[in-house]
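Here the sequence shown is numbered in numbering that gives the first Met the number 0, starting from 0 and rising by one per residue. For glycine and all other residues, C-beta sits at the position ideal for the given N, C-alpha and C. Just so we're clear, the structure is a prediction, and the values are computed from it rather than from any experiment. Following: one structure in structure tokens, then a few remarks.
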Amino acid sequence: MQAGPQAMTLSERADALEEHMMHELEHIVTKSVLFNLADGKVEMEGGAALMAKNPGKYMLMGADPRLPKMPDKPTLIDYFKCRFASTAHLLQSATHALKAGHSEKVVLACLLHDVAVVSFIRCDHGYWGAQMIEPYVDEEVSWAVRAHQALRFFPDESAGYAYPDMYVKYFGPDYQPEPYIVEEYKRARNHRHYMTARLICVNDIYSFDPNAKVNLDDFVDIIGRNFKQPKEGLGLDNSPSAHMWRTMLWPTRFL
Ligand SMILES: [Fe+2]
Ligand SMILES: [Fe+2]
0 MQAGPQAMTL SERADALEEH MMHELEHIVT KSVLFNLADG KVEMEGGAAL MAKNPGKYML
60 MGADPRLPKM PDKPTLIDYF KCRFASTAHL LQSATHALKA GHSEKVVLAC LLHDVAVVSF
120 IRCDHGYWGA QMIEPYVDEE VSWAVRAHQA LRFFPDESAG YAYPDMYVKY FGPDYQPEPY
180 IVEEYKRARN HRHYMTARLI CVNDIYSFDP NAKVNLDDFV DIIGRNFKQP KEGLGLDNSP
240 SAHMWRTMLW PTRFL
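The structure is reproduced here in structure tokens:
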């Protein structure tokens with residue numbers, strides 16, 4: 000006997016709704032294993048099972064119609080507008096750096112420092128974010144984005160950075176970074192771009208201000224001068240990280 004709606008748990012109902020929505024779509028939309036891992040399941044649906052459940056349909060091999068439509072040749076700005084789940088934190092940090100009179104490279108590093116968190120994945124976001132932008136920015140910018148992952152756990156009072164109170168609240172007073180983060184920090188301390196990464200931490204806004212006036216338009220020129228937009232479109236070029244942008248473009252493509 001099938002369980003009626005009342006007998007279903009909230010998550011079963013969410014699954015049923017999702018399955019219903021999938022049937023409404025013209026193509027079969029699939030979830031990568033990572034999406035299931037985030038739900039606490041080490042699972043994937045194989046191609047044959049999906050085809051059997053969706054007679055007469057083909058796998059989605061392009062844009063997901065449920066997501067905002069991206070232009071044929073997307074720019075970083077298009078990703079900001081159509082793929083980043085939230086831009087307030089990035090814009091606030093970059094605005095802070097701009098007002099403090101820092102260089103365009105520092106401002107861009109602040110603008111992109113958590114790009115992975117808002118668009119892709121949280122775990123090791125500094126590493127992911129750096130890799131995403133590396134082919135398109137000066138080495139100083141991507142190096143700093145990578146290093147902020149480690150530096151933010153270590154105070155540098157001389158640069159005006161104390162361990163954030165928010166981290167005590169988020170992770171508890173006893174939280175210790177993993178050994179690889181400690182090692183990364185030690186290496187970063189002696190690097191020539193140390194201060195750029197440190198300035199990301201200094202300008203990182205740890206308390207979100209809903210009233211702060213921030214605007215992506217303030218950064219269009221800085222992006223234009225410092226982010227090498229590929230002519231084919233970001234993600235449709237052949238850079239070493241283009242596939243990461245394509246994955247954001249088409250996150251539910253079957254292969
Ligand atoms: Fe961060
Ligand atoms: Fe941040």
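Asked, Found
"From the DSSP output, in three-state form, read off Y78 for me.", "helix"
"Does the Cβ of D113 lie closer than 7 Å to at least one heavy atom of ligand 1?", "yes"
"Indicate whether the contact test is met: 3 or more Cβ pairs, each with one atom in the stretch 178–198 and one in the stretch 75–88, closer than 8 Å.", "no"
"Tell me the DSSP secondary structure of D220 in three-state form.", "helix"
"For D155, name the three-state secondary structure that DSSP assigns.", "strand"
"Can you check which of these residues, N35, F218, S240, is closest to I132 by C-alpha distance?", "S240"
"Taking its Cβ as the centre, do 16 or more other Cβ atoms sit within 10 Å of M243, making it buried, or is it exposed?", "buried"
"Tell me, please, which residues DSSP counts as bridged to M58.", "I27"
"Check for me: the alpha helix (DSSP H) holding Y169 runs from which residue to which?", "164–170"
"Regarding H95 and ligand 1, is the C-beta to nearest heavy atom distance less than 7 Å?", "no"
"Is any heavy atom of ligand 2 found at a distance shorter than 7 Å from the C-beta of D203?", "yes"
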